[in-house]
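Protein chains in written order, with the numbering used here: chain Y, 40 to 157; chain U, 40 to 157. For reference, the structure is listed below as structure tokens.
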DNA sequence: CAGTATCCTACCCGATACTG
DNA sequence: CAGTATCGGGTAGGATACTG
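And the structure:
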């Protein structure tokens, strides 16, 4: 198996802390857009810097499109591209699995904590 | 959106460098088992330490089962649990997407490198 | 409003050596 | 064979301050 396989490269992207949340919010809005500040409001705990870094990476990958209204102050809108939207299918499958099975994983970890002799 | 949502917790696990490869190899073998050294051989570049850490984490989560034959030297076998096997569906969907679309993402990044003024 | 620019810390991961 | 122990570098990510 190749440690540089496409799957690993993809996980290096969507595995970063805020990426999956940004993609989900933009997917819910698709084909509409969200502004920088609106995304910031909907992702509790994210800093301006991390939202900026996250979105730049998504734009660079071609998963998200950035549109600037040249007003003062500027209004910047983000939306998923067709490529980004196509990622929603496997990503929502992963979300469904997580919501269904993460509680069981949590229980398994608690059991491991209670029986440290295994 | 909750930054501690199940999806993020799941990505924190399968997003680590070697986890998705270990799961894939064990899934291909399911319901059979693989030994430590055999996994090591099939994951080029992984160190003993990282394979050990990766497998321990998977066992702790209940995604992988560990079976020790008390011989000298010991023979340790790993296999996916039912829970681990259920993860294969969304994970293979993600792999399929990665193989199909990562080349396009690579091209997008190359274009971004060539046009730094955007 | 939508970003940059710095600084700093935690921790993932690799390299290496050792062991029952 | 299947681990554990230890050390160290690189980097993701947080806090804070500044700007067109």
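Glycine included, each C-beta is placed from N, C-alpha and C at the ideal position.
Less than 7 Å between the C-beta atoms of residue i and residue j, yes or no?
i	j	result
residue 61 of chain Y	residue 93 of chain Y	yes
residue 127 of chain U	residue 45 of chain Y	no
residue 117 of chain Y	residue 64 of chain Y	no
residue 103 of chain Y	residue 123 of chain Y	yes
Step through the CB atoms of chain Y and report whether any lies within less than 7 Å of the CB of residue i.
i	result
residue 152 of chain U	no
residue 138 of chain U	yes
residue 78 of chain U	no
residue 61 of chain U	no
residue 109 of chain U	no
Under the rule that 16 or more other beta-carbon atoms within 10 Å means buried, what is residue i, buried or exposed?
i	result
residue 101 of chain Y	buried
residue 54 of chain Y	buried
residue 129 of chain Y	buried
residue 154 of chain U	exposed
residue 43 of chain Y	exposed
Can you give me the C-alpha to C-alpha distance between residue i and residue j, rounded to a whole angstrom?
i	j	result
residue 85 of chain Y	residue 52 of chain U	21 Å
residue 149 of chain Y	residue 95 of chain U	15 Å
residue 131 of chain U	residue 112 of chain Y	45 Å
residue 141 of chain Y	residue 120 of chain U	15 Å
residue 115 of chain Y	residue 56 of chain Y	22 Å
residue 79 of chain Y	residue 91 of chain Y	10 Å
residue 76 of chain U	residue 87 of chain U	9 Å
residue 58 of chain U	residue 67 of chain U	14 Å
residue 105 of chain Y	residue 99 of chain Y	10 Å
residue 81 of chain Y	residue 50 of chain U	20 Å
residue 97 of chain U	residue 136 of chain U	24 Å
residue 152 of chain U	residue 89 of chain Y	21 Å
Mapping DSSP to helix, strand and coil, what is residue i?
i	result
residue 74 of chain U	strand
residue 103 of chain U	strand
For chain U, find out if any of its Cβ atoms is closer than 7 Å to the Cβ of residue i; answer yes or no.
i	result
residue 89 of chain Y	no
residue 114 of chain Y	no
residue 48 of chain Y	yes
residue 124 of chain Y	no
Any heavy atom of the ligand MG closer than 6 Å to the CB of residue i?
i	result
residue 100 of chain Y	Annotation note on the ligand MG: not contained in the displayed structure, which lists no ligands.
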